[in-house]
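*Asks:* Per the working numbering, the very first residue in the sequence shown carries number 1347; after that it's consecutive. Backbone N, C-alpha and C fix where the C-beta goes; we use that ideal spot for every residue, glycine too.
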Amino acid sequence: MNRYTILVYTENFIGILNRITIIFTRRGINIDALTASESRLDGIHKITIEVTVTDEQIIQLSKQIEKVVDVIKVYYFMDDEVVYQEIALYKIPIESLDPGLERVIRQFNAHIIAAEKEFVVLEFTGHKEDTQALLEILKPFNLLEFSRSGRVAIAKPKFSITEYLNNQT
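(1) What does the alpha-carbon distance come out to for the pair THR1367 and ASP1425?
(2) Is PHE1454 helix, strand or coil by DSSP?
(3) Can you list, in chain order, the residues of its chain whose CB lies under 7 Å from that of SER1408, leaving out five sequence neighbours each side?
(4) Would you decide whether LYS1392 is buried or exposed? Buried here means 16 or more other CB atoms lie within 10 Å of its CB.
(5) Grab the span of the beta strand (DSSP E) containing GLN1384 for me, first residue to last.
(6) CB LEU1435 to CB SER1493, shorter than 8 Å?
(7) Are at least three pairs of beta-carbons, each pair with one atom in the segment 1442-1457 and one in the segment 1382-1397, less than 8 Å apart?
(8) On the DSSP letters alone, give me the boundaries of the alpha helix (DSSP H) that ASN1364 sits inside.
(9) Alpha carbons only, please: which of PHE1454, GLN1410 and THR1477 is nearest the one belonging to TYR1430?
(10) At a cut of 8 Å, does the segment 1496-1506 reach the segment 1457-1470 through at least three beta carbon pairs?
(11) How close, in whole Å, do the beta carbons of LEU1468 and ILE1438 come, if the pair is a contact with beta carbons under 8 Å?
(12) Am I right that ILE1390 and GLU1357 are in contact with their C-beta atoms under 8 Å? What's the rounded C-beta distance?
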């Protein structure tokens, strides 16, 4: 089993996530992370899916996703073929602020992005293992809340959805 990042480019965004996730559900495959956003092209959205599957499964998944109406193109990559990050937010009570916490914040190069009367919110960007490591360290500081995004990724191989679209006409 390998960890893959699937990049799905789609025109119409309404209902597309449901149609794509059904493909995984029917095969009993867990989606480790999923993010969706606009692409650099107007009207085209990019869905990033992180999965742990066999080489055969990733090929079949990609083919099946490409059959979904409104999907333009699907690409898949192994972890070493993408640049990726996740963002994590940590909410900590103000009374937990002390020199020990300050050292942790500096060590991880995290940032305080909100300071309220009763709490502060830290932001940290990294791989899942990194954001998880910081989570474990912050738990003794009476962590109030934690939220982590899915993977945001860009492929290392040179390709462009624009080139693909131009070749289709």
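*Replies:* Quick look at the numbers:
(1) 21 Å
(2) helix
(3) ILE1352, VAL1420 and TYR1422
(4) buried
(5) What sits at residue 1384 in the sequence shown is Glu, not Gln. Looking at the DSSP string, the run of the beta strand (DSSP E) that includes GLU1384 is 1377-1384.
(6) yes
(7) no
(8) 1362-1373
(9) THR1477
(10) no
(11) 7 Å
(12) 6 Å
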